[in-house]
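Read the structure below first, then the notes.
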Ligand SMILES: Cc1cc2nc3c(=O)[nH]c(=O)nc-3n(C[C@H](O)[C@H](O)[C@H](O)COP(=O)(O)OP(=O)(O)OC[C@H]3O[C@@H](n4cnc5c(N)ncnc54)[C@H](O)[C@@H]3O)c2cc1C
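In our numbering, the protein residues as written are 27 to 556.
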């Protein structure tokens, strides 16, 4: 075996397990389909996308040609957006790192997992990610609006822990936000170089001053520091098969518009390609290549969108400045099911200025009918053109508990024609009460504060989630799950799934911290059993 461990994917689950195993002396190979991204380009490193012609798109069908920042999969009734690159979803995420309520961890979660059991691992991950709160002297108008709206409906706004580095001595005037020059360059507690947040509002597109505590400046950095972990970007894993006492992992190396096949062997393999990626890979190995035929029949079932719903609200009389500040920094917690019996949290989303830069650039390039164009034109008309419409928008973002009844499967685009692709069977009907309660609350929060909520009227047929969960669910046996409580695949010793794919129920909160805690715990079990 060339390696002790091969980790597929470098998001939260992959980075943490790779780091912990390398730290105890294992030789670890991390195969990541995406690029290495940074705030400056260099050999083997692409600068975060910004301009129209930058590599924005990941295309799972043609990754040799399109291997950019975002993988958007559009299924019937539900689209899913995830990141691609060294650091996985930490590159694109809004940094919110919160712990779900204890009552999430009940059946069908295996009895070994509870809020109490996970507590030390939540803490451990929070320390490595160096979570912080938005300093009070840097609160933006979205925080103030959220607090005011919460109070008006008898709830309370609360700051959320976010994986962002701040300097405390910076005051914020949202009309004249700080510039990149105000960021303080420093070496973080792990030894990696970072800057501090200057409220550029671009968390989801790569922070130009590296204020985000992404995995490449903590877990992956620590893994590489051991000298035992090797990261290979632009290596898309296509297949896994048993080999000797371990597994052979086949991949396509992506470069110059070509796919170059290769493979490596290891005694242990950790699939950490995210909810969609890990599920697709195991489905292909079970059903298409038949290299892992005994993977549970439960594979693909009980997939959840984590009940995510975004409602923009328009405030003609109020400046919201959604482009200023970290994308999310506070929330209103309704996890006690006090509203309509539903469990959810509402957060103060932001609008990255890259989005309207993109729209302006598209219009200038003569591209007509940009998706935001009509909405912006209508908003502008409401302001009689006297102000910039986006300044008056508040994106209320909700995470909740949907029915968790989606199913991932492989399907050909046309009956028996075309290549097998990942498909998601999603029916909204059982989730409508959860989404409707979130929308009602977003509308109420807006109405009470002088805003006009604009939920998309067609939402039941066009949901979108950045928080896909499940597909390779944890269970107690292969009858009700794909992996056990430590992520080991039933019937395949030494083969693990460790990422959002193993979460068997919606969480009602942003999922990354739970994935971190499960990965820290599983890594500890793997180390003890080595
Ligand atoms: C815009 C946006 C904002 C978000 N904000 C938040 C937030 O504020 N808080 C929060 O908790 N969550 C947030 N999320 C969700 C969060 O990013 C995910 O829940 C999290 O990253 C999932 O972690 P993971 O380990 O399951 O997989 P990921 O982090 O998605 O990592 C999977 C990795 O595997 C790689 N991969 C996939 N297939 C293959 C293959 N075949 N071969 C090799 N590599 C492969 C992918 O490129 C990726 O790097 C956000 C997501 C988006 C898109």
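Heads up, the beta-carbon is just placed ideally off N, CA and C, and yes, glycines get one too. Please read these numbers as outputs of a predicted model, since none were measured by experiment.
* Asked: Is the distance from the Cβ of residue 241 to the Cβ of residue 67 below 8 Å?
  -> As a position in the chain shown, residue 241 is number 215, starting the count at 1. As a position in the chain shown, residue 67 is number 41, starting the count at 1. For residue 241 and residue 67, no; Cβs fall outside 8 Å.
* To do: Give the range of the beta strand (DSSP E) segment to which residue 279 is assigned.
  => Within the chain shown, numbered from 1, the residue matching residue 279 stands at position 253. Looking at the DSSP string, the run of the beta strand (DSSP E) that includes residue 279 is 272-281.
* Using the rule of at least 16 other Cβ atoms within 10 Å of the residue's Cβ for burial, across every protein chain shown, is residue 158 buried or exposed? -> Residue 158 sits at position 132 when you count from the first residue of the chain shown. Buried.
* **Pair within 8 Å by beta-carbon distance, residue 345 and residue 418** => Reading the chain shown from its first residue, position 319 is the one you call residue 345. Reading the chain shown from its first residue, position 392 is the one you call residue 418. It is a contact, given that the beta carbons lie within the stated cut-off.
* **Reduced DSSP category for residue 245 - H, G, I as helix; E, B as strand; rest coil** => In the chain shown, residue 245 corresponds to position 219, counting from 1. Here DSSP, grouped into helix, strand and coil, assigns residue 245 to helix.
* Report the three-state DSSP secondary structure of residue 369 (helix, strand or coil). => Here residue 369 refers to the residue found at position 343 when the chain shown is read from its first residue. Residue state, collapsed to three classes: strand.
* With a floor of 3 residues, list each beta strand (DSSP E) that falls wholly inside the segment 289-354, ordered by position along the chain. => Within the segment 289-354, the beta strand (DSSP E) runs of at least 3 residues that lie entirely inside it are, in chain order, 335-340.
* Asked: First and last residue of the alpha helix (DSSP H) that includes residue 605?
  -> With the chain covering only 27 through 556, there is no way to say anything about residue 605.
* Asked: Along the chain, which unbroken stretches of the beta strand (DSSP E) at least 3 residues long are found entirely within the segment 52-97?
  -> 54-57
* When DSSP builds the beta bridges, which residues end up paired with residue 359? -> Numbered from 1 along the chain shown, position 333 holds the residue referred to as residue 359. Paired residue(s): 371.
* Touch test, the segment 337-344 against the segment 534-546, Cβ-Cβ under 8 Å, three pairs minimum -> Contact fails: fewer than three Cβ-Cβ distances are below 8 Å.
* Compute every distance between the C-beta of residue 355 and the non-hydrogen atoms of ligand 1, then say whether any falls below 7 Å. => The residue you call residue 355 lines up with position 329 of the chain shown. The answer is no for residue 355.
* **Closest residue to residue 111 among 414, 433, 376, 303 (Cα-Cα distance)** => What you label residue 111 is simply residue 85 of the chain shown in a count that begins at 1. Selected option, being the one with the closest Cα: 303.
* To do: Would you please verify whether the beta carbon of residue 516 is less than 8 Å from any beta carbon of chain D?
  => Among the chains of the structure shown, chain D does not appear; only one protein chain is present.
* Grouping DSSP H, G and I as helix and E and B as strand, with all else coil, what is residue 30? -> As a working mapping, residue 30 is identified with position 4 in the chain shown. Note: residue 30 maps to strand in three-state DSSP.
* In terms of residue numbering, what span does the beta strand (DSSP E) encompassing residue 267 cover? -> Taking the chain shown and counting its residues from 1, one reaches residue 267 at position 241. Segment 261-269, the beta strand (DSSP E) holding residue 267.
* Within 10 angstroms of the Cβ of residue 87, are there 16 or more other Cβ atoms? Answer buried if so, exposed if not. => Locating residue 87 in the chain shown gives position 61, counting from the first residue. Exposed.
* Any heavy atom of ligand 1 closer than 7 Å to the CB of residue 119? -> Along the chain shown, read from residue 1 onward, the residue named residue 119 stands at position 93. Yes, the Cβ of residue 119 comes within 7 Å of a heavy atom of ligand 1.
* In angstroms with no decimal places, state the Cα-to-Cα distance between residue 143 and residue 130. => Counting from 1 along the chain shown, the entry for residue 143 is found at position 117. Counting from 1 along the chain shown, the entry for residue 130 is found at position 104. For residue 143 and residue 130, the distance between alpha carbons rounds to 13 Å.
* Report, in whole angstroms, the separation of the C-beta atoms of residue 223 and residue 192, which I expect to be a contact under 8 Å. => Start at 1 with the first residue of the chain shown, and residue 223 comes out as number 197. Start at 1 with the first residue of the chain shown, and residue 192 comes out as number 166. The pair is a contact, with the Cβ atoms about 5 Å apart (cut-off 8 Å).
* Can you name, in chain order, every residue of its own chain whose Cβ lies under 6 Å from the Cβ of residue 181, other than the five neighbours on each side? -> To locate residue 181, count along the chain shown from 1; it is residue 155. Closer than 6 Å at the Cβ level, and outside the excluded window around residue 181, lie 358.
* Asked: Run through DSSP, which three-state label would residue 452 get?
  -> Working through the chain shown from its first residue, we reach residue 452 at position 426. DSSP places residue 452 in coil when its eight states are reduced to three.
* In angstroms, rounded to a whole number, what distance separates the CA positions of residue 198 and residue 168? -> By 1-based counting over the chain shown, the position of residue 198 is 172. By 1-based counting over the chain shown, the position of residue 168 is 142. Their backbone Cα atoms lie some 13 Å apart in a straight line.
* Please list, in chain order, all residues of the same chain as residue 382 whose beta carbon is under 7 Å from its beta carbon, the five residues on each side excluded. => Here residue 382 refers to the residue found at position 356 of the chain shown. Cβ neighbours of residue 382 beyond the five flanking positions: 416.
* **Three-way DSSP call (helix, strand, coil) for residue 490 in this model** => Here the question's residue 490 lines up with position 464 in the chain shown. Correct three-state label for residue 490: strand.
* Which residues share a DSSP beta bridge with residue 500? -> Looking up residue 500 in the chain shown gives position 474. Looking at the DSSP assignment, residue 500 forms a beta bridge with 509.
* **Three-state secondary structure assigned by DSSP to residue 119** => Along the chain shown, one-based indexing puts residue 119 at 93. For residue 119, the three-state secondary structure derived from DSSP is coil.
* Using 7 Å as the cut-off, classify the Cβ of residue 262 as near or not near the heavy atoms of ligand 1, replying yes or no. => The count along the chain shown starts at 1 and reaches residue 262 at position 236. True, at least one ligand heavy atom lies under 7 Å from that Cβ.
* To do: Starting from the C-beta of residue 493, find all residues in its chain whose C-beta is less than 6 Å away, skip the five residues before and the five after it, and write them out in chain order.
  => Taking the first residue of the chain shown as position 1, residue 493 is located at position 467. If we look at residue 493 and ignore the five residues flanking it on each side, its Cβ neighbours are 332, 334, 537.
* Any chance the CB of residue 384 is under 7 Å from a heavy atom of ligand 2? -> Looking for ligand 2 in the displayed structure turns up nothing; the ligands present are ligand 1.
* Asked: Can you tell which of 410, 70, 468, 458 has its C-alpha closest to the C-alpha of residue 282?
  -> Residue numbering aside, residue 282 sits at position 256 when the chain shown is read from its first letter. Nearest C-alpha to residue 282: 70.
* CB-CB under 6 Å to residue 379, same chain, minus the five flanking residues each way: which ones, in chain order? -> If you number the chain shown from 1, residue 379 lands on position 353. Around residue 379: 227, 349.
* To do: Return yes when the Cβ of residue 496 is within less than 8 Å of the Cβ of residue 289, no when it is not.
  => As a first step, residue 289 is located in the chain shown; it is residue number 263 there, counting from the start. As a first step, residue 496 is located in the chain shown; it is residue number 470 there, counting from the start. No, Cβ-Cβ distance for residue 289 and residue 496 is not below 8 Å.
* **Strand pairing of residue 174, partner residues [DSSP]** => Position 148 of the chain shown, counting from 1, holds the residue named residue 174. According to DSSP, which records beta bridges pairwise, residue 174 is partnered with nothing at all.
* Asked: Can you give, in chain order, each stretch of the beta strand (DSSP E) that sits fully within the segment 181-216 and has at least 3 residues?
  -> Scanning the segment 181-216 for uninterrupted beta strand (DSSP E) segments of 3 residues or longer gives 183-185, listed from N- to C-terminal end.
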